[in-house]
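Below is one structure; the comments refer to it alone.
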Amino acid sequence: LGNCQEFETKAYDYVSKSDAYKVLL
Amino acid sequence: QTELNQMVESMNLLLESLKNHESLNVDLYSGLLVDASIVKLPYLYFLPDVSKENEISLVPYIASQHSATWRISKYLNELLRPFVDKIVSTVFTKRELQSTTLFCAIKITNYHKLDIHKNMIDTVSYFLEENLITNKLEQVTIQNIKNLLHIFLYNNVFYYKDQIYTLTKGSPNTMPLADTLSNIYVFVWQKQILKQLQLNNEFFGRYKDQIFLTWSNGNEEQLGSFLQTIRDKSPNVQFQKLIASSVPFLNAFVQNQNGDLFSRIHRHPLIQGYSLPYEVGHAKLVHSDWLRSALIRAVCYCSSVEDFNLERIYLELTCLTNGYSL
Numbered sequence: 001l002g003n004c005q006e007f008e009t010k011a012y013d014y015v016s017k018s019d020a021y022k023v024l025l
Numbered sequence: 001q002t003e004l005n006q007m008v009e010s011m012n013l014l015l016e017s018l019k020n021h022e023s024l025n026v027d028l029y030s031g032l033l034v035d036a037s038i039v040k041l042p043y044l045y046f047l048p049d050v051s052k053e054n055e056i057s058l059v060p061y062i063a064s065q066h067s068a069t070w071r072i073s074k075y076l077n078e079l080l081r082p083f084v085d086k087i088v089s090t091v092f093t094k095r096e097l098q099s100t101t102l103f104c105a106i107k108i109t110n111y112h113k114l115d116i117h118k119n120m121i122d123t124v125s126y127f128l129e130e131n132l133i134t135n136k137l138e139q140v141t142i143q144n145i146k147n148l149l150h151i152f153l154y155n156n157v158f159y160y161k162d163q164i165y166t167l168t169k170g171s172p173n174t175m176p177l178a179d180t181l182s183n184i185y186v187f188v189w190q191k192q193i194l195k196q197l198q199l200n201n202e203f204f205g206r207y208k209d210q211i212f213l214t215w216s217n218g219n220e221e222q223l224g225s226f227l228q229t230i231r232d233k234s235p236n237v238q239f240q241k242l243i244a245s246s247v248p249f250l251n252a253f254v255q256n257q258n259g260d261l262f263s264r265i266h267r268h269p270l271i272q273g274y275s276l277p278y279e280v281g282h283a284k285l286v287h288s289d290w291l292r293s294a295l296i297r298a299v300c301y302c303s304s305v306e307d308f309n310l311e312r313i314y315l316e317l318t319c320l321t322n323g324y325s326l
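Residue numbers (the numbering used here), protein chains in the order written: chain Z, 1 to 25; chain B, 1 to 326.
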C-alpha cells in the first residue's frame, strides 16, 4: 500500500466529504 | 443494537402493512421478513485503486451480506434483472465508419451513488411504465416494486469508525441490486445522448459505467460541447471523457485507421502483468474457465493474427507463471 497513514486519512476524508453518506448516530 | 432492532421492526411493520393490503402474499411476506436475531450491521471498508499513477484513490465497499435489506434486495434483483437486461441490451447501429470518425470513451465516476432515493424510485417507476405492456412485472405491480424499493433504499445503513451512517444516494455496491438500479438510471439518462447519435447513424455501446460511442458529425470540440450540454442538463451523472481517433475501452484498444476499424487487447500499464484474477473457492476451475474466456475474448478483440498470437502466448505464460500447466 505504500503509506498506510495516507490511506487511513483518505478513507476518513472520503466518508466525511461524500454527499452519499449521512451520519445516523 | 437498539437502533438496529428499531430499524428492523419498522421494516417488518411496513412489510406487514403491505401484506394486509394484499400487496404481498403470505409466502413472499414471510420470505422477506427480517430476522433481527441474524441481522448484522454492515461495515464500510476500502480497497485501493492503483490504476492512477502517483495517486492512491479508494474504492469503498460495504459488507452487506447479513444486512437487514439483503433479502429484499435479492428478491427485487431477481425480479428486475432479467427484464432490465433484455431492455437495455438494445443496440442501434449502422456501420458507417468514416476516416474522420472520432471515438469517445466515457467513464461514469459516480455509478453507485447517482441520485437521491426518491429520484431513483421515480426513475425505476418511469422505466417500468415505459417498457412494460401492463402495469405488472411477473405478477408484481409497479406500485409494489416501488414500495419494496423504498424499504430497501431507506434502510441501508453501515458503520465506520464508531459511527452509524445511512446512505442518502445509491446502495451498497456489494449487492447485485445496486448494479441493476444504476443500470436502469443510466439507461434513462443515456436517452438524450442516443437521440442525437441516432440522427447521425452513430454507434453507441455501454457496459455498466463505461460508454463507447462514435462521432462523425463534427470535430472534437463539437463533441465536447455536446457532452457538456448533457452534463449541464443532468449534473447527477458525473463522467470523464476521452475523445480521439483511438481509445481504450474496457480491455480493448480501438482505433480508426482511415475508416477501417482496428482493435487489439489493451492492458492497463500500471496493473502488474502475468497475474491471474483473484478468486476464492475453486480457483483451479475458475482459472481454467478464465483461460478459455480470455482466449475467446482475444479472438474477438484482435484485428490481426500477430496480435492474437502475442496475446495467446501472454495468457499461456500467465498460467505457467502462476504454477498451472497448459
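From the three backbone atoms N, C-alpha and C, an ideal C-beta is built for every residue, glycine too.
Could you list which residues in chain B have their beta carbon closer than 9 Å to that of residue i, in chain order?
{"i": "Z/K17", "result": "Those do not exist, as Z/K17 stays about 12 Å from chain B at its closest Cβ, beyond 9 Å."}
Among residues of its own chain, excluding the 5 on either side of residue i, which ones have a beta-carbon nearer than 6 Å to its beta-carbon?
{"i": "B/P176", "result": "N77"}
{"i": "B/I87", "result": "N131"}
{"i": "B/L4", "result": "L41"}
{"i": "B/T123", "result": "Y185 and V188"}
Going by the beta-carbon positions, is the gap between residue i and residue j smaller than 9 Å?
{"i": "B/S64", "j": "B/T174", "result": "yes"}
{"i": "B/M128", "j": "B/I72", "result": "Correcting the residue identity first, residue 128 of chain B is Leu in this sequence and not Met. No."}
{"i": "B/E316", "j": "B/Y301", "result": "no"}
{"i": "B/H156", "j": "B/Q238", "result": "Note that residue 156 of chain B corresponds to Asn in the displayed sequence, not to His. The answer is no: Cβ separation not under 9 Å."}
{"i": "B/Y185", "j": "B/D115", "result": "yes"}
{"i": "B/I211", "j": "B/I38", "result": "no"}
{"i": "B/T166", "j": "B/Y154", "result": "yes"}
{"i": "B/S99", "j": "B/N251", "result": "no"}
{"i": "B/L102", "j": "B/N200", "result": "no"}
{"i": "B/L332", "j": "B/F187", "result": "It is not possible to answer for residue 332 of chain B, since the shown part of chain B is limited to 1 through 326."}
{"i": "B/T180", "j": "B/L80", "result": "yes"}
{"i": "B/I151", "j": "B/M11", "result": "yes"}
{"i": "B/S216", "j": "B/L97", "result": "yes"}
{"i": "B/L44", "j": "B/V59", "result": "no"}
{"i": "B/Q198", "j": "B/F226", "result": "no"}
{"i": "B/Y274", "j": "B/T321", "result": "yes"}
{"i": "B/K233", "j": "B/Q190", "result": "no"}
{"i": "Z/A20", "j": "B/G170", "result": "yes"}
{"i": "B/F388", "j": "B/S325", "result": "No statement about residue 388 of chain B is possible, as the shown extent of chain B runs from 1 to 326 and does not include it."}
Are the C-beta of residue i and some C-beta of chain Z separated by less than 9 Å?
{"i": "B/P60", "result": "yes"}
{"i": "B/E9", "result": "no"}
{"i": "B/Y160", "result": "yes"}
{"i": "B/L181", "result": "no"}
{"i": "B/L44", "result": "yes"}
{"i": "B/S57", "result": "yes"}
{"i": "B/K74", "result": "no"}
{"i": "B/K113", "result": "yes"}
{"i": "B/E3", "result": "yes"}
{"i": "B/G323", "result": "no"}
{"i": "B/A218", "result": "According to the sequence displayed, residue 218 of chain B carries Gly and not Ala. No - not a single Cβ of chain Z is within 9 Å of the one on B/G218."}
{"i": "B/G273", "result": "no"}
{"i": "B/G170", "result": "yes"}
{"i": "B/Q6", "result": "no"}
To the nearest whole angstrom, what separates the beta carbons of residue i and residue j, a pair I think is in contact under 8 Å?
{"i": "B/A178", "j": "B/H112", "result": "6 Å"}
{"i": "B/K19", "j": "B/V26", "result": "7 Å"}
{"i": "Z/K22", "j": "B/T2", "result": "In fact, because the Cβ distance is near 19 Å, the residues do not count as touching under 8 Å."}
{"i": "B/H287", "j": "B/L276", "result": "5 Å"}
{"i": "B/S246", "j": "B/Q255", "result": "4 Å"}
{"i": "B/L32", "j": "B/Y75", "result": "6 Å"}
{"i": "Z/L25", "j": "B/I62", "result": "Actually they are not in contact, since the Cβ atoms of Z/L25 and B/I62 sit about 16 Å apart, beyond 8 Å."}
{"i": "B/D307", "j": "B/R264", "result": "4 Å"}
Which chain Z residues sit within Cβ distance under 7 Å of residue i?
{"i": "B/Q163", "result": "V23 and L25"}
{"i": "B/L167", "result": "A20 and Y21"}
{"i": "B/V157", "result": "L24"}
{"i": "B/G259", "result": "Going along chain Z, no residue has its Cβ under 7 Å from B/G259, so there is no contact; the nearest lies around 44 Å."}
May I ask whether a heavy atom of the ligand GDP can be found less than 8 Å away from the beta carbon of residue i?
{"i": "B/S125", "result": "Inclusion of the ligand GDP in the displayed structure is not the case, the ligand content being empty and no account of it being possible."}
Mind listing the chain Z neighbours of residue i? Cutoff is C-beta to C-beta under 8 Å, in chain order.
{"i": "B/K52", "result": "Ordered by position in chain Z, no residue passes the 8 Å Cβ test against B/K52, which lies about 13 Å from the chain."}
Below 7 Å CB to CB, which residues in the same chain sit around residue i once its five sequence neighbours on both sides are set aside?
{"i": "B/E53", "result": "L270"}
{"i": "B/G224", "result": "I243"}
{"i": "Z/L1", "result": "Reliability fails at Z/L1, whose pLDDT of 48 lies under 50, so the model's placement of it is uncertain and no value is given."}
{"i": "B/S125", "result": "I142 and K146"}
By Cβ distance, which residues of its chain are closer than 8 Å to residue i, with the 5 residues on each side in sequence left out?
{"i": "B/V50", "result": "I56, L270 and I271"}
{"i": "B/Y160", "result": "Y43 and L44"}
{"i": "B/R292", "result": "none"}
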